[in-house]
Amino acid sequence: MDLKYNSMQLKIDDKINFEYVDRFELGAIILQCKNLLVHKPNYRIQFVRRKANDVTRFLARVATSHTRLKFFQHIPSCIFSLIMNEIP
């Protein structure tokens, strides 16, 4: 599968890893990711602590409420304060 991206970051948290995915299935997914990453040096998988990632969690909830693809031209006002709180 080639999505024609030059680079990509995938950020995950441990709750998804262990609560929602069967461990045997997870092992197969990890193996496939490792095989793909060998050929994609600009791709990165990164662990992010759930409690430190409020913006992403909120956007994930909002995204599931839309039935179609939606592009935002500006930062939605509902998450602006969350973004400002995460900036060091």
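This note's numbering runs 9 ahead of the 1-based position in the sequence shown.
Idealized CB from N, CA, C, for every residue including glycine.
In this text the structure is predicted, and so the values were computed from the model without any measurement.
For the alpha helix (DSSP H) that contains residue 65, what are its first and last residues? Note, residue 65: alpha helix (DSSP H), 63 to 74.
Could you check whether residue 67 and residue 38 sit closer than 8 Å to each other, using their CB atoms as the reference points? It is not a contact, given that the beta carbons lie outside the stated cut-off.
Looking at C-alpha atoms only, which residue of 71, 44 and 63 is the closest neighbour of residue 90? Of the candidates 71, 44 and 63, the one whose C-alpha sits nearest the C-alpha of residue 90 is 63.
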